[in-house]
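Taking the working numbering, I'd label the letters of the sequence shown as residues -17 to 470. Comments concern the structure below.
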Amino acid sequence: MQLKKSFYHEVKDRLPEHVLEYWGVHRHYHFALNETLDQFIKRVIDESFGSITENELSDHIKKIRNTLRKRKYDWIKKYENALTYPFSDPAHPVFSDYCSLQAMGPRELSQKYQDLEEDEILRNKTELKTAQMLQWKSNRNSLFTEYPAISILKQQNKEDALKSDLLDVTCDYIVKELNYDMSSNSRSLPSPIVSKPFFSLRSSKITLEEIDGIMQNIIKNDNAGTTFTMYPTSSSDTQLTTLDKYDLRVYQEITRLACSDTKVHDGNILVDVSFYQISRQIFGYDAGEKGIQRVRDSIRKLSNRRFVYSNGGTQIDYVLVDSKITDEHDKNKMRLVLGKVISDSILQKDIISISKKVEEKLQSNSNARAFIHALQEQRFILYRDSPDSMRKSFGLNFFEDSIYFNTKSYKKKISIIEDSLDEYVNNDVIIQNYSYEDNLFNLDFLPLDENDIEYYSEWLKNHMTLSATIPSSGSLQSTPIETYLNGG
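Structure representation (structure tokens):
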């Protein structure tokens, strides 16, 4: 990737003050290389991004962020291991304090530390250092150059601290300031849509019936008293068609646009769409007028119905597209106002995403693709709660919650699910293996890959639990640091 000179200057201007101070303290290494700060910035960025094409940029940024996440975890473990050494060992985090105490005379030591024993002084300093480490660990934006135990790092690790912060700032600059669309390589849906049967396997007509004076169709009604009902936005409608796989793809594109360029008015997200651009994303460059018309029809369908989920005293009103504003100057464009629940989900980044490359492995089976976000969500939940046991059993109800089947036949539904799961297993997508026994689908989920970890880490911000697995190989459960502070 060819970078302009101004790119390096822009990154340098965004480096936090602490990174520049760190360079000043540790630059003797770079003097040996006869390297200035500007030369260092250019070298590190060129080494990382120089051979990357624009098409590879999204995956490359995710790999960098995953590497930094793993490095942070490794440094936390390094500190925990260092606590096991005696204070007199150079590898202990307060070794420099130990040396200072050894250099003091008895009188100076007594005056400064009020007659405390040397071991107690060093334990207090260790507790303070450990508290700083816990704060560094818990802060998602903490810098590597702020690592509280920098003294225990080898020279290469100290160099890595500087490189890590520089690469983190570079990635942020590309994504946030240059507005690079990281979502172009993913398929995303707002979480509230994933676990409700908004979309169907194929388009079919649904006759509305009048209940309490209101035209509606109860799409799902289970034994637990949960209902999912579709209502027309026009009182004159007596029949609607279900939202199908094309409508789902259009809504995925609307979600992508909403995530990449978020505009808000009165709490609702505004999305400027081009029928041509969406049709090209879905059908390719040769979409033509037929593809454009199909996008128009989908947006009309998405906007002329609303859905209500009811469970006991809980009722949630879902509007996929609240309203449409036609562009007076370009009939190919339109501004959409998304519904409140959907807008809130996107604003909070409560999104379920899957790699575009992974989804495309299921191109030959549109039914299989219909379940992909629901299965990805379950995979995230399992990884959060029990990463060592990525297995879970599901009844038919789970799949009926995810999609509208267009059939009442139990056998046909089971057949559709089995065919879909076969497709997942054969293409190494989300599911490693499955079995069907006693009316339950027993699913073994694949481990998360680098892209999944990136999507999971965003999802986790809205679904954190006390025992959640952090987006590296560790967890937020009690660590040796916390045990040390708690007197263990």
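All C-beta atoms in this analysis are idealised placements derived from N, C-alpha and C, irrespective of residue type, glycine included. Just so we're clear, the structure is a prediction, and the values are computed from it rather than from any experiment.
**Report entry** Inter-stretch contact (C-beta, 8 angstroms, three-pair minimum) for the segment 88 to 99 and the segment 115 to 125
**Finding:** no
Query - Rounded distance between the beta-carbons of N167 and D332, thought under 8 angstroms - result: Not quite, the Cβ-Cβ distance comes to about 20 angstroms (not below 8 angstroms), so this is no contact.
Query raised in the report: So, helix, strand or coil for V475, using DSSP?
Result: As displayed, the chain neither begins before -17 nor continues past 470, which places residue 475 out of reach and without an answer.
Query raised in the report: How would you write the range of the beta strand (DSSP E) that L(-3) sits in, first residue to last?
Result: L(-3) -> no beta strand (DSSP E), and no H or E assigned at all.
Query - According to DSSP, residues forming a beta bridge with K202 - result: F210
Query raised in the report: Using CA coordinates, which residue listed in S292, I324 and D101 is at the minimum distance from L284?
Result: I324
Query raised in the report: Taking just the CA atoms, how far does D404 sit from S524?
Result: Residue 524 lies beyond the residue range present for the chain, which begins at -17 and ends at 470; the question has no answer from this structure.
**Report entry** Reference Y418, options S375, P429 and M212, closest by Cα
**Finding:** S375
**Report entry** Straight-line Cα distance separating V290 from D142
**Finding:** 52 angstroms
Query raised in the report: Are the beta-carbon atoms belonging to Y406 and F181 less than 8 angstroms from one another?
Result: no
Report task. For C261, collect the residues of the same chain with a Cβ closer than 6 angstroms to its Cβ; drop the 5 residues on either side in sequence, then sort them by chain order. Result -> Checking the sequence shown, residue 261 turns out to be Ser, not Cys. Excluding residues within five positions, the ones whose Cβ falls inside 6 angstroms are A269, G273, I274 and V277.
Requested in this report: Tell me H355's beta-bridge partners as DSSP assigns them.
Outcome: Paired residue(s): none; H355 is not in a bridge.
Query - Straight-line Cα distance separating G294 from Q259 - result: 42 angstroms
Requested in this report: Note down the Cα distance separating V340 from D420, rounded to an integer number of angstroms.
Outcome: 31 angstroms
**Report entry** Among E271, E436, A73 and S391, nearest to K44 - alpha-carbon criterion
**Finding:** E436
**Report entry** Residue range of the alpha helix (DSSP H) that includes F381
**Finding:** L378 to S384
Query raised in the report: Beta-carbon separation of I334 and L171 under 8 angstroms?
Result: yes
**Report entry** Selection from T66, V151 and R317 that minimises the alpha carbon distance to L252
**Finding:** R317
Query raised in the report: Are the segment 383 to 403 and the segment 349 to 358 in contact at 8 angstroms, needing three or more beta carbon pairs?
Result: yes
Query raised in the report: Taking the runs of the alpha helix (DSSP H) that are 4 residues or longer, which of them lie wholly in the segment 223 to 280?
Result: 227 to 242 and 257 to 265
Query - Whole-angstrom C-beta distance between T224 and S280, which should lie under 8 angstroms - result: Rounded, the Cβ-Cβ distance is 12 angstroms, inconsistent with contact.
Query - DSSP bridge partner residues for D426 (one or two, in chain order) - result: R373 and N415
Query raised in the report: Where do the ends of the beta strand (DSSP E) carrying D304 lie?
Result: V303 to T308
Report task. Specify the secondary structure class of Q345 as computed by DSSP and reduced to three states. Result -> coil
Query raised in the report: With A131 and P75 assumed to form a contact (beta carbons below 8 angstroms), what rounded beta-carbon distance in angstroms separates them?
Result: 4 angstroms
Query - N48 beta carbon less than 8 angstroms from that of E440 - result: no
Report task. Would you decide whether C81 is buried or exposed? Buried here means 16 or more other CB atoms lie within 10 Å of its CB. Result -> exposed
Query raised in the report: So, is M446 buried or exposed, given that buried needs 16 or more other C-beta atoms within 10 angstroms?
Result: exposed
Query raised in the report: Can you tell which of S256, S305 and G321 has the C-alpha that lies nearest to the C-alpha of N314?
Result: S256
Query raised in the report: Roughly how many angstroms separate the alpha carbons of Y95 and L110, rounded to a whole number?
Result: 15 angstroms
Requested in this report: Grab me the residues of V1's own chain with a C-beta within less than 6 angstroms of its C-beta, minus the 5 sequence neighbours each way, in chain order.
Outcome: T127 and D147
Query raised in the report: Does DSSP classify S173 as helix, strand or coil?
Result: helix
Report task. Please report the residue range of the alpha helix (DSSP H) in which Y55 lies. Result -> L39 to A64
Query raised in the report: Which residue or residues does DSSP assign as beta-bridge partners of D299?
Result: V290
Requested in this report: Please report how far the alpha carbon of I328 lies from the alpha carbon of V411, in whole angstroms.
Outcome: 25 angstroms
Query raised in the report: Between the C-alpha atoms of K202 and L364, what's the straight-line distance to the nearest angstrom?
Result: 26 angstroms
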